[in-house]
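Let me begin by presenting the structure, written as structure tokens, before commenting on it.
There are 2 protein chains.
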Amino acid sequence: MLTDAIVSGRLKPGDRVAESVIARDLGVSRAPVREAGRLLESAGLLVSKANRGFFVRTIDSDDLDSLYELRLCIEREATARVVREGRSSEIIPTLLAQIDEMIDLSQDSQLIYQIGIDLQFHRTIVEHSGNRRFLAVFDKLASEIQACTALIERVFDEPGKVARNHYLIVDALETGDETAAREAMDYHIGVAREAVVGHFRKLEAESGAQV
Amino acid sequence: MLTDAIVSGRLKPGDRVAESVIARDLGVSRAPVREAGRLLESAGLLVSKANRGFFVRTIDSDDLDSLYELRLCIEREATARVVREGRSSEIIPTLLAQIDEMIDLSQDSQLIYQIGIDLQFHRTIVEHSGNRRFLAVFDKLASEIQACTALIERVFDEPGKVARNHYLIVDALETGDETAAREAMDYHIGVAREAVVGHFRKLEAESGAQV
DNA sequence: TCAAGCAAAATTGTCGACAGGCGACAATTT
DNA sequence: AAATTGTCGCCTGTCGACAATTTTGCTTGA
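Right, dumping it as structure tokens:
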């Protein structure tokens, strides 16, 4: 719904999301708002406290680091599976197109949208890993990562370089070597993890406590 | 709530769970039942279809296998982390007590309860891994695994042996070798995966299609 | 000036009711 | 006899209202 858009950018972590206010704004009853709230809660974007309502989820850098470690576990295996199941050639055209799009967006300094495509690139791989559970977990992660990166002004110093780094993954997929593919993804996510978590720690230091 | 108990045993996968019926039975309005339903949905025990309501989640053996592969990814790293963070000695007494309990239950042929403690054993490790995200994913997995194993009559041929196999994990934790610990968990879950998924495939073959 | 207590406002949790959608069954047609 | 259409009933999705709880703001006293 529209609520996603709101959470993605406008609202700050910790902000209260009163269901009665949302209901008034959207001109609907509170019931559907509640439903949507639960949905966003299970997506990890909101938390609900008893008798207090919904709040935009706060996240500290340690938690974000945990998130990236989980992501690493999933995508590492997913990438290996794509190779093992022989799905590489099938998805490489899509992946290349997504890299192109990232590069375009990096030139226009459309960082938020670039990260969106970035996550889609990774989703394509996970989607074709043949493990549905991986995809379900990834989708939850991705929405949180998107929300977090939206908070950081300059996530990457060289967006174009980040975009082009994805070629290494495609190259590894092309070799057909399961281990090489796994390690390429390992490295790739490790770099992202360091960059994003690092920026986030800086943000924390500036504004005190959790964001 | 009570709903958990119902799902855990009584209801069969695919069964419809009409919120109005539940509401009547419990003597409350439909609103709180809906809430609980959403909760169980996000726990992966129910699925909801538009305008049709909730159904007990069906699962096929491939999906169960995916579940175990995900579990493997998580627990493997969690175990390594416990060693790396030096938390082993702190949790070993708890783990040993849980193994004792499993052995007791295996002698009384209380298989369902034994599996409950089994999952608690694994949860203890994940809980102390220092990665909150691992625990969140594990808890979701665990409820589904418990529900699945409840469907299988004889999950393990030698419950006592399964219980004692956990000693190998504790031993590996004691060595303080990260790799050894990871591999011990790898092996342990691999065995369980084979057994549970195997039994499940048999169950599928007997009763046709998905369970 | 500040703290504590109290009352009013706002917000959530729950309720019963109504409208719309879906599936099942019966009636009709081919 | 099989297939299609029409009808009925049950269930969900949504609504407005009330009760319980929390928050806010004001008053009162030191």
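Protein sequence lines, in the order shown, are assigned to chains A and B.
The numbering used here puts the first sequence at residues 79 to 289.
The numbering used here puts the second sequence at residues 79 to 289.
All residues carry an ideal CB built from backbone N, CA and C; glycine is no exception.
(1) Could you check if residue 105 (chain B) is buried or exposed, using at least 16 other CB atoms within 10 Å of its CB as the buried criterion?
(2) Taking the alpha-carbon of residue 198 (chain B) as reference, which of B:209, B:185 and B:174 has the nearest alpha-carbon?
(3) In or out: residue 192 (chain B) buried (at least 16 other Cβ within 10 Å) or exposed?
(4) Which value, in whole angstroms, describes the spacing of the CA atoms of residue 98 (chain B) and residue 108 (chain B)?
(5) Less than 8 Å between CB atoms is the rule here; does residue 129 (chain A) satisfy it with respect to chain B?
(6) Measuring CB to CB, does residue 278 (chain B) end up less than 8 Å from residue 142 (chain B)?
(7) How about residue 135 (chain A): is its C-beta nearer than 8 Å to some C-beta of chain B?
(8) Would you say residue 144 (chain A) lies against chain B (beta-carbon separation less than 8 Å)?
(9) Between the stretch 205–220 of chain A and chain B, which residues of the former have a C-beta closer than 7 Å to a C-beta of the latter?
(10) Please report the Cβ distance between residue 166 (chain B) and residue 237 (chain B), rounded to the nearest whole angstrom; I am assuming they are in contact, meaning their Cβ atoms lie under 8 Å.
(11) Assuming residue 134 (chain A) is part of the beta strand (DSSP E), what are its boundary residues?
(12) Hey, could you find the ends of the alpha helix (DSSP H) residue 280 (chain B) is sitting in?
(13) Give the straight-line distance between the Cα atoms of residue 90 (chain A) and residue 177 (chain A), rounded to the nearest whole angstrom.
(14) Just checking: is the beta-carbon of residue 271 (chain B) within a distance shorter than 8 Å of some beta-carbon in chain A?
(15) In or out: residue 186 (chain B) buried (at least 16 other Cβ within 10 Å) or exposed?
(16) If you count every other CB in all the chains shown that lies within 10 Å of the CB of residue 148 (chain B), and 16 or more means buried, which is it?
(17) Taking only beta-carbon atoms, is residue 264 (chain B) less than 8 Å away from chain A?
(18) How is residue 239 (chain A) classed by DSSP in three states: helix, strand or coil?
(19) Identify which residue in B:215, B:169 and B:271 has its Cα closest to the Cα of residue 226 (chain B).
(20) Mind checking residue 285 (chain A): buried by the 16 CB within 10 Å criterion, or exposed?
(21) Taking a cut of 7 Å between CB atoms, which residues from the stretch 144–168 of chain B lie near chain A?
(22) Step through the CB atoms of chain A and report whether any lies within less than 8 Å of the CB of residue 120 (chain B).
(23) Less than 8 Å between the CB atoms is what I'm expecting for residue 266 (chain B) and residue 246 (chain B), so what's the real figure, rounded?
(24) Looking only at its own chain, which residues have a Cβ that is under 8 Å from the Cβ of residue 181 (chain B), when we skip the five neighbours before and after it?
(25) Buried or exposed for residue 269 (chain A), please, with buried defined as at least 16 other CB atoms from any protein chain shown within 10 angstroms of its CB.
(26) Taking only beta-carbon atoms, is residue 141 (chain A) less than 8 Å away from chain B?
(27) For residue 95 (chain A), does the three-state DSSP call read helix, strand or coil?
(28) I need the straight-line Cα distance from residue 201 (chain A) to residue 217 (chain A), nearest angstrom please.
(29) Look at the Cβ atom of residue 221 (chain B), then the Cβ atom of residue 123 (chain B), and state whether they are nearer than 8 Å.
(30) Between which two residues does the alpha helix (DSSP H) holding residue 144 (chain A) run?
(31) Just to confirm before moving on: does the CB-CB distance between residue 152 (chain A) and residue 215 (chain A) stay below 8 Å?
(32) Between the C-alpha atoms of residue 258 (chain A) and residue 156 (chain B), what's the straight-line distance to the nearest angstrom?
(33) DSSP three-state label for residue 111 (chain A), please.
(34) Using CA coordinates, which residue listed in B:129, B:281 and B:256 is at the minimum distance from residue 163 (chain B)?
(35) Is residue 116 (chain A) close to chain B? Criterion is C-beta to C-beta, closer than 8 Å.
(36) Here's the rule I'm using: 16 or more other beta-carbon atoms within 10 Å means buried, otherwise exposed. How should residue 274 (chain A) be labelled?
Let me lay it out:
(1) exposed
(2) B:174
(3) buried
(4) 6 Å
(5) no
(6) yes
(7) no
(8) yes
(9) 209, 210, 211, 212 and 215
(10) No, residue 166 (chain B) and residue 237 (chain B) are not in contact; Cβ-Cβ is about 26 Å, not under 8 Å.
(11) 131–134
(12) 256–285
(13) 30 Å
(14) no
(15) exposed
(16) buried
(17) no
(18) helix
(19) B:271
(20) exposed
(21) 144, 145, 147, 148, 151, 152 and 155
(22) yes
(23) 7 Å
(24) 238, 241 and 242
(25) exposed
(26) yes
(27) strand
(28) 8 Å
(29) yes
(30) 139–162
(31) yes
(32) 23 Å
(33) helix
(34) B:256
(35) yes
(36) buried
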